[in-house]
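Novice: Chains as they are written, first to last, in the UniProt record's numbering: chain A, 1 to 542; chain X, 1 to 542; chain U, 1 to 542. Just so you know, even glycine gets a beta-carbon here, dropped at the ideal spot from N, CA and C.
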Amino acid sequence: MTVFFGGDYNPEQWPPAVWREDVALMRSAGVNLVTVGVFSWSRLQPAAGTYEFGWLDDVLDLLHDNGIGVCLATPTASPPPWFTRAHPDAMPVTADGVRLTHGSRDTYCVNAPAYRAASQRIAGALGERYGRHPALRLWHVHNEYGTTCYCDHCAAAFRRWLARTYGGTGVLNDAWSTDFWSQRYGRFDEVLPPRATQYLSNPAHVLDYRRFVSDAMLAHYTAQRDVLRASGVPVTTNFVLGGWVPVDHARWAREVDVVAVDDYPSSLDAHLQERAFVADLARGWAGGEPWILMEHAPGAVRGTDGVTRVMPPGQARAAASVYLDGGAGGVLYFQWRAGRGGAEQWHPAMVPQLAELAPIGRSVSTRTPVRVDATRALVYDEPSMWAWQSPHLPTPFIDYTATAQRWHRALGPPVDVVPLAAALDGYHLVVAPLLHLVSAAGHKALRSYAESGGTLVLTFGSGLADEHCRLTPGAFDDLAGIRLVRHRPGELGVWLDEIDPLDATVVLTADDRPVVTEHRYGRGLVRYVAADLPDLARWVRS
Amino acid sequence: MTVFFGGDYNPEQWPPAVWREDVALMRSAGVNLVTVGVFSWSRLQPAAGTYEFGWLDDVLDLLHDNGIGVCLATPTASPPPWFTRAHPDAMPVTADGVRLTHGSRDTYCVNAPAYRAASQRIAGALGERYGRHPALRLWHVHNEYGTTCYCDHCAAAFRRWLARTYGGTGVLNDAWSTDFWSQRYGRFDEVLPPRATQYLSNPAHVLDYRRFVSDAMLAHYTAQRDVLRASGVPVTTNFVLGGWVPVDHARWAREVDVVAVDDYPSSLDAHLQERAFVADLARGWAGGEPWILMEHAPGAVRGTDGVTRVMPPGQARAAASVYLDGGAGGVLYFQWRAGRGGAEQWHPAMVPQLAELAPIGRSVSTRTPVRVDATRALVYDEPSMWAWQSPHLPTPFIDYTATAQRWHRALGPPVDVVPLAAALDGYHLVVAPLLHLVSAAGHKALRSYAESGGTLVLTFGSGLADEHCRLTPGAFDDLAGIRLVRHRPGELGVWLDEIDPLDATVVLTADDRPVVTEHRYGRGLVRYVAADLPDLARWVRS
Amino acid sequence: MTVFFGGDYNPEQWPPAVWREDVALMRSAGVNLVTVGVFSWSRLQPAAGTYEFGWLDDVLDLLHDNGIGVCLATPTASPPPWFTRAHPDAMPVTADGVRLTHGSRDTYCVNAPAYRAASQRIAGALGERYGRHPALRLWHVHNEYGTTCYCDHCAAAFRRWLARTYGGTGVLNDAWSTDFWSQRYGRFDEVLPPRATQYLSNPAHVLDYRRFVSDAMLAHYTAQRDVLRASGVPVTTNFVLGGWVPVDHARWAREVDVVAVDDYPSSLDAHLQERAFVADLARGWAGGEPWILMEHAPGAVRGTDGVTRVMPPGQARAAASVYLDGGAGGVLYFQWRAGRGGAEQWHPAMVPQLAELAPIGRSVSTRTPVRVDATRALVYDEPSMWAWQSPHLPTPFIDYTATAQRWHRALGPPVDVVPLAAALDGYHLVVAPLLHLVSAAGHKALRSYAESGGTLVLTFGSGLADEHCRLTPGAFDDLAGIRLVRHRPGELGVWLDEIDPLDATVVLTADDRPVVTEHRYGRGLVRYVAADLPDLARWVRS
């Protein structure tokens, strides 16, 4: 298998003469895969009963004739105007009750029956028409799943999800701690999505809603996947990363034939380190198998300040190398050619930068994916990231992902970034910072890892609660050989755990308090980093 | 009467074995009063027609057997899910028209008939069952009244309130200055709550709506109170303080059998000064009688930055002393034992801190309330605080409460903090900063105070308007012996009044302008502080 | 023609005794024009079928008897409560779907039939009653048109506007680039206003909605104007300026008998420069004819920080001079006498400041408007300003208006500020900064200007797109004699264009990059300023 090189390609925005220019340029740039059809629904199905596949036939044939493979998308991330006008109940509703309208992308409710049916129809039509097309390399279901909806369809589906998950309201009330603030439910049909309410929401309610939305989207994905798999071609969807995304990627990774991620770093200064983190994270979800970098921006980084800065010469190649070194089986860009208009008209594109990108492509497209052999791992746990977004925590200044990235940098390559559910026994060292939520299985896995000889690094802000946000004070005391006395938010940086180092050895103190301890646990070692230290390198040695 | 010591106790979150541990710990910590039932509605009445009092019987008996008194709450601040699902019209609506949903606390509309009826039923049932219980010391109606609603029930009730208050639309139009911007009302039923509108709202409209909401909540309170009073046990509700609270506490203080306040300072640095201000304020509302500190956080302060900082050793005792020195008849915490889950799971609790709190409790619970004898008073006027929240003032940088607190610190103890309607004649010195709104009665009271020999300190930003936000330029000129030429916002700090010191003596100038003047008025002295001075100590001498 | 001096006058807020005092003061202050009736609808028509003109008869007669002219307003900017209660569908709806309510001003939907009809009725009644009144100098339709609405009336009107503008959906789809994100419309009735949607809106959609709102308001204006013109008295409306205003003033200027603007500078420090810019801009819209400064605040400036700062002595006169030097035919204030209450009770007024204002008035009211003869022009293009408000631009840090004002200062007087559609051939130098949107006609005009000998200054961020926000990369390359390589947002200030100075002469470099170039084009010169330079003075020489 050679590595894919290419990007999103939207020929419907251009006349056929441009297509021919495109494929010639693609060939010269080593492009061997383009993603087609992501936003083509209104072209493919211009009205409820009308399909127009001719132009797409031509595009796929042209690509194939030029030796360029196709990653064919189902267009369900952007339903067409005729659909949305006919089915306003398929438009998402915000927590405030605002029914959104057509005019952007991602405007859908995965629990709306009309939308589910329309999605299946267009996916089925594409599968039937193109499942045997010789250009087809990969199915790309939907795009960047991520729309949270609070409508009545969702409310009904949420209740069914809760009934399946908990069996009875007694278990639900216990899991959600509903005795606080008189929220005890007598029947499942009393439960609502966490819509706008007068004051703080119940964090267990919010957390389960996020899990439910993830599962509801997953059902929308698997329904399409199951139809497309008839073709024998692998199926995936491109993960979008970020704190707002209501998707449990570790769970989804088990349902895709190959893990694919989009990566948009947050600053030009640190973009290579951010990319390395995402590469190791994607490989972790892929269980070490090759994964696909489905989108990144060619030649520029749009920072969190909203400025799209041009990358210095050489950085595009460096970015590609980072992904390849992280085991990527594809390095793809959004996008081949920028649209003339529309909301993302300023998004960078490959065509104007081929002088720099073509040599990269010619080199990348002849390689095979590397295998990464890491003996150290960083645990990155999305539910813990979600829990750190709860309101009214002891401090609002914990940034889970940024902290994980700081540990990732301190570890340096090669390192795996893995979910808590991963097998840890092969690693010499495992760092698990800010592990807010830990289930019974998680507790067991960490103990078993240390017991059998691993070095485990835990930090302040860990073992705070179980998977339902129920506090578990001192849950790691036995593992770290300490007694957690109390949390001291806002001290020694963002947070200090005041600890009593019972059986542990104090290896760093600050302000007369123990700040790093070490403790033999079974045949392993547990290091506890009780404060938000500026320098982490010293604590990642095994 | 000995001082109450204890806190909120939520036994419904724990099994009976924990209750027994709790009462043993309470006894050892000097706890003589716990507040029970604040959030127990869904446990006490799990469905419309079903009551379950058994567990509460057991709790009250257990407490009584251990000599611990009970402050029994009606649970109406958090109606249960079954109620809110059955009566969506009892859920509050925001100014933007968003109907809020169950999922937090405080989600109710006091003007919704179904909610009023349900509140009376549960309060009546509690009164009947526990009115004679030997543990009962105090009734605690509701919790922290404070939900503003803009629904149609409220609109109808507001119109009735206006008709009662003004008699006819002519008086209303005059009070609200409706000739500005063509807002003249022909009939009361043309009036709406101050819902979202295109640009600035009429400040008199907004002010009256706040008064109306205060009165509507008061009616909800007094209805419960009147039922509970049959027990012969005193009735109160716990005031929550803050700029957003739509409650006129000076008026409410006349309707409670004992004033009770919750106190959550805004920063660890100044928490003792903030507590002293609240203590003097609560005593002012109580007319000098003992009052109850119904809630404060044990051992930590959650700052306005959202960080919950641990108090240094000794500060918990210092905090209790401040309240006791301010005449508190009770020093209670929220909460005895933290819930495992729910929105406030990180709120501090007493149990983990008993090493520090128990000695305080054993000492406090043997004391009797002190009487405070102050010869100086600070006027703190909530309607003026509300008026300072109007949009489009000459400056948005006036913080009424923070300024009052600065004067309070400059005055130092002992000092009373009193509403404008209080009797002032006993004081040697009265400081009334930023008195934005002054009614005719207020004007008369201040003049009468000065006339009969008191020293009165007024400041810039005073006497600006009458009780309907109608400007009254120069309203204090006669009292201060000056001529107010114009306001100069943004000069010499946040605001300078340019004045002509007609008959007054200039005692401080800055930038060649008179800044502090003194003027004999009757047998008294009026000092006018025309700018926002950094040092106030010099101006509080009588 | 002498210059008008005066201000908004709201006698309905005061008893007749005050009116008599007012006119005496006006006479002594040189007041020769007052604007009456702007917010009088609820007084003039207190119920649907009832008119009360008596008080206005008296006011106009009194003014006339004292030689004071009247600018009579139609009161449609603030419909009365009885109207809004009877026609909730005439209340505007936000993009989020919130139906606003009565309680402020400007709360109307110009596309609501009931509001259109009511507006015509009251305008017609005023025209009939006062069209021949000897005091009448000017009709003032409405006030500061500016309310954007997203209701269903607007949706229907928008579709009609689109059908008129584009003829068919094919042209619309092309103009709006709807192939991006699957937004292709099959029928006009699939189009909605750009209401709240899940992610970024289509900028062409947003831009056209703003044009549509401008045209819809213009139709509301012209309908009243056409009725009032029967009187033979000139008709205008007062433009309000600001980035939020959905009005294309260059187009509106062709529909008013005299251009009138309101001017509220954003800071005391630079208020005279801001006023000079507005004066030159208003004159540009007026095609060089006298224009009226219909409102400015007497004696104070309310900064963007919300603080209303008093102007130092002499600045009020300086402000008046700036307007007069810019060709004003009227210098008017908001307002003569401040209301006692209402939302703008703190707005400055003339009466308390007559000591300073009366001498200005006595001098102004004897002058005739000056003619300004400028040989240099600055292009200020409102659609480009709108385009710079799109989300997801290469940088959010471009402030179009502030940049135009910096160039205006560098140019110094005399200079015209003109729309792109103005005739440019009379100027020696034309500066057109940040010209984001350029239509084919705009391109032609700029080329024709340079060709025939003018000096044209263009900058980075120019020629980015056509009038539908469709990118036109390198659109000015021929004119500037360069090749635009790429935009580099965030470099050398907010933005650097990386250029290849093909046929142009590089006259400034920075960081080894060409930053200013000059190029002979026809008989003229084109200067390209490729970065956001701190010092502009050097580049405005012809």
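What in chain U is Cβ-close to VAL36 of chain A, meaning under 7 Å?
Specialist: Within chain U, no residue comes near VAL36 of chain A; the closest Cβ sits about 13 Å away, beyond 7 Å.
Novice: CA-CA distance, TRP285 of chain U and ASP269 of chain U?
Specialist: Whole-angstrom Cα-Cα distance: 26 Å.
Novice: For PHE4 of chain A, write down the residues that DSSP places opposite it in a beta bridge.
Specialist: Answer by DSSP bridge pairing, in chain order: A:GLY330.
Novice: Does the stretch 178-190 of chain X come into contact with the stretch 33-41 of chain U, if we say contact requires no fewer than three beta-carbon pairs (one atom in each stretch) closer than 8 Å?
Specialist: Result yes; three or more Cβ-Cβ pairs closer than 8 Å.
Novice: Which chain X residues sit within Cβ distance under 7 Å of THR107 of chain U?
Specialist: Chain X residues near THR107 of chain U: THR197, GLN198.
Novice: If you pair each beta-carbon of the stretch 485-493 of chain A with each one of the stretch 385-397 of chain A, do three or more pairs fall below 8 Å?
Specialist: Yes, since at least three Cβ pairs between the stretch 485-493 of chain A and the stretch 385-397 of chain A fall closer than 8 Å, the two stretches touch.
Novice: Is GLY54 of chain U helix, strand or coil by DSSP?
Specialist: Helix at GLY54 of chain U.
Novice: Anything in the stretch 332-355 of chain U with a Cβ closer than 9 Å to a Cβ of chain X? List those residues in chain order, please.
Specialist: Those residues of the stretch 332-355 of chain U that come within reach of chain X (Cβ to Cβ, closer than 9 Å) are ALA338, GLY339, ARG340, GLY341, GLY342, ALA343, GLU344, GLN345, TRP346, HIS347, PRO352, GLN353.
Novice: Please confirm if THR101 of chain U has its CB atom under 7 Å from at least one CB of chain X.
Specialist: Judged by the 7 Å Cβ criterion, THR101 of chain U is in contact with chain X.
Novice: Just the chain X side, please: which residues come within less than 9 Å of PHE39 of chain U by C-beta, in chain order?
Specialist: Here the neighbours are ASP179, PHE180, TRP181, SER182, GLN183.
Novice: For ASP8 of chain X, which option in X:TYR333, X:VAL18, X:ASP325, X:LEU60 has the closest C-alpha, if you only look at C-alpha atoms?
Specialist: Ranking the options by Cα distance to ASP8 of chain X, first place goes to X:TYR333.
Novice: Using C-beta distances below 7 Å, list every residue in its chain close to TYR130 of chain A, excluding the 5 sequence neighbours before and after it, in chain order.
Specialist: LEU60, LEU72, LEU136, listed in sequence order.
Novice: Who are the neighbours of ASP96 of chain U on chain A, taking C-beta pairs under 7 Å?
Specialist: Under the 7 Å cutoff, chain A gives VAL98.
Novice: Rounded to whole angstroms, what is the Cα-Cα separation between PRO193 of chain U and SER384 of chain U?
Specialist: Cα to Cα, the separation comes out at about 21 Å.
Novice: Note down the Cα distance separating ALA90 of chain A from SER78 of chain A, rounded to an integer number of angstroms.
Specialist: Answer to the nearest angstrom: the Cα atoms are 12 Å apart.
Novice: Starting from MET294 of chain U and walking both ways along the beta strand (DSSP E), at which residues does that stretch end?
Specialist: That run of the beta strand (DSSP E) goes 291-295.
Novice: Using a threshold of 7 Å, state whether the C-beta atoms of TRP252 of chain U and PHE212 of chain U are closer than that.
Specialist: Not a contact, by the Cβ cut-off of 7 Å.
Novice: To which residues of the same chain is ALA95 of chain X closer than 6 Å at the C-beta, ignoring the five residues directly before and after it?
Specialist: The residues are TYR150, ARG195, ALA196.
Novice: Quickly, what does DSSP pair VAL258 of chain U with across the bridge? List them, please.
Specialist: Note: VAL258 of chain U sits in no beta bridge, so no partner.
Novice: Counting C-beta neighbours from all protein chains within 10 Å, is the total for THR375 of chain U 16 or more, i.e. buried, or is it exposed?
Specialist: THR375 of chain U comes out exposed.
Novice: Give a yes or no on whether the minimum CB-CB distance between ARG283 of chain A and chain X is below 7 Å.
Specialist: No, ARG283 of chain A does not count as interfacial toward chain X.
Novice: Taking a cut of 8 Å between CB atoms, which residues from the stretch 358-377 of chain U lie near chain A?
Specialist: Here the close residues number zero.
Novice: Could you give the residue range of the alpha helix (DSSP H) that holds ILE360 of chain A?
Specialist: 354-364 is the extent of the alpha helix (DSSP H) around ILE360 of chain A.
Novice: Between VAL526 of chain X and ALA450 of chain X, is the Cβ-Cβ spacing less than 7 Å?
Specialist: Closer than 7 Å, so yes.
Novice: Assuming VAL331 of chain U contacts VAL3 of chain U (C-beta within less than 8 Å), just tell me the rounded distance between them.
Specialist: Between VAL3 of chain U and VAL331 of chain U the Cβ distance is about 7 Å, and since that is below 8 Å, they are a contact.
Novice: Would you give the residue range spanned by the alpha helix (DSSP H) that LEU218 of chain U belongs to?
Specialist: Start and end: 203-228.
Novice: Among X:THR101, X:ARG164, X:TRP244, X:HIS133, which residue has its Cα nearest to the Cα of VAL191 of chain A?
Specialist: Nearest option by C-alpha distance: X:THR101.
Novice: Given a limit of 7 Å on CB to CB distance, which residues of the stretch 137-170 of chain U reach chain A?
Specialist: For the stretch 137-170 of chain U, which is checked against every Cβ of chain A, not one residue is closer than 7 Å.
Novice: Residues of the stretch 112-129 of chain U in Cβ contact with chain X at a cutoff of 8 Å, in chain order, please.
Specialist: Flagged: no residues at all.
Novice: Report yes or no: is there a C-beta of chain A within less than 7 Å of the C-beta of GLY243 of chain U?
Specialist: No, because no Cβ of chain A sits closer than 7 Å to the Cβ of GLY243 of chain U.
Novice: The alpha helix (DSSP H) that contains THR84 of chain A, what's its start and end?
Specialist: Start and end: 81-86.
Novice: For SER542 of chain A, which of A:VAL457, A:ALA118, A:GLY303 has the nearest alpha-carbon?
Specialist: Checking every option, the nearest Cα to that of SER542 of chain A belongs to A:VAL457.
Novice: Determine the contact status of HIS87 of chain A and ALA114 of chain A, defining contact as a CB-CB distance below 7 Å.
Specialist: In this structure, ALA114 of chain A lies closer than 7 Å to HIS87 of chain A by Cβ.
Novice: To which residues of the same chain is GLU52 of chain U closer than 7 Å at the C-beta, ignoring the five residues directly before and after it?
Specialist: Excluding positions up to five away in sequence, the list reads ARG43, LEU44, PRO46.
Novice: Going by other Cβ atoms of all chains shown within 10 Å of its Cβ, with 16 needed for buried, is MET1 of chain U buried or exposed?
Specialist: Label assigned to MET1 of chain U: exposed.
Novice: Pairing CB atoms from the stretch 491-501 of chain X with CB atoms from the stretch 527-536 of chain X, are three or more of them under 8 Å?
Specialist: Enough Cβ pairs lie closer than 8 Å, so yes.
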